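Asker: One structure is given below, represented as structure tokens, and several questions about it will come after.
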Amino acid sequence: MKLLLTEKTANEASLKSQITELKCQLSDQSRERFVSNTEELLMEASEETKATQKEKLTCQRGTTQKHLGRTKLPDHLPIEEIAIHPEGDLSGMVCIGKEIKGVLACVPTKYYIKRSIRYKYAPKNKASKPVIVKDILGVSVNAAILVSKYYYHLPLDRILK
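Numbering (our numbering), first residue to last: 1 to 161.
What follows is the structure, given as structure tokens:
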């Protein structure tokens, strides 16, 4: 008999709580209440964070873009070329290259590209100068010392031994 009474009171209490929840939903009052089962909340939160972390990782990989550099000047504009040669006697020199620089310029009635070409010259028979003046060590020995010192992080006293 007591068992039936406890079941009825428990059933009655659950029905009353359901009625109050439904009344709150009808009157548009929504409140979050503290849930005593914190383990379930932690499990759900960890699963959600893992899913969002995976989404973030895939998004980050797709957003990397290469730098395209400067925009190119339009092809339909007329080009004015200016050649700049070094001053002095160039008979003993050899042209080793040129620097080309294009700049957008305008006259009040039209736009055009002003391209300056600067030629580079070097002597024909240039004797190679030593890296360090009055040094008996060759370039390869100096390079080996510098690599040992700065790349392999060896102290100078170990290098000299």
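Just so you know, even glycine gets a beta-carbon here, dropped at the ideal spot from N, CA and C. Here the structure is a predicted model, which means the values were calculated and not measured.
When the distance is taken between beta carbons, is residue 112 closer than 8 Å to residue 80?
Answerer: For the purposes of this step, residue 80 is taken as the residue at position 80 of the sequence shown. For the purposes of this step, residue 112 is taken as the residue at position 112 of the sequence shown. Contact flag set, yes.
Asker: What does the alpha-carbon distance come out to for the pair residue 78 and residue 95?
Answerer: Looking up residue 78 in the sequence shown gives position 78. Looking up residue 95 in the sequence shown gives position 95. If you take the alpha carbons of residue 78 and residue 95, they lie about 27 Å apart.
Asker: Tell me, please, which residues DSSP counts as bridged to residue 173.
Answerer: What is shown of the chain runs 1 to 161, which leaves residue 173 out entirely.
Asker: So, using beta-carbon positions, are residue 119 and residue 76 closer together than 8 Å?
Answerer: Taking the sequence shown and counting its residues from 1, the one referred to as residue 119 is at position 119. Taking the sequence shown and counting its residues from 1, the one referred to as residue 76 is at position 76. No, these two residues do not count as a Cβ contact at 8 Å.
Asker: Does DSSP classify residue 139 as helix, strand or coil?
Answerer: Start at 1 with the first residue of the sequence shown, and residue 139 comes out as number 139. Here residue 139 sits in helix by DSSP.
Asker: Pull up the distance between the alpha-carbon of residue 70 and that of residue 91, whole angstroms please.
Answerer: Working through the sequence shown from its first residue, we reach residue 70 at position 70. Working through the sequence shown from its first residue, we reach residue 91 at position 91. Looking at the two C-alpha atoms, the distance is approximately 37 Å.
Asker: Check each candidate in 4, 83, 66, 65 and name the one with the smallest Cα separation from residue 115.
Answerer: Stepping through the sequence shown from its first residue, residue 115 is reached at position 115. Selection 4, 83, 66, 65 evaluated against residue 115 yields 83 as nearest (Cα-Cα).
Asker: Per DSSP, what kind of secondary structure is residue 82 in: helix, strand or coil?
Answerer: The residue you call residue 82 lines up with position 82 of the sequence shown. Of the three classes helix, strand and coil, the one that applies to residue 82 here is strand, per DSSP.
Asker: So which of 68, 110, 107, 123 has the shortest CA-CA distance to residue 88?
Answerer: Taking the sequence shown and counting its residues from 1, the one referred to as residue 88 is at position 88. Closest option to residue 88, Cα to Cα, is 123.
Asker: Hey, quick one: how far does the alpha helix (DSSP H) through residue 124 stretch, first residue to last?
Answerer: Position 124 of the sequence shown, counted from the start, is the residue given in the question as residue 124. That residue, residue 124, is in no alpha helix (DSSP H); it is neither H nor E in DSSP.
Asker: Tell me whether residue 86 counts as near the ligand HEM, meaning its Cβ is closer than 7 Å to at least one heavy atom of that ligand.
Answerer: As for the ligand HEM, it is missing from this structure, which has no ligand bound.
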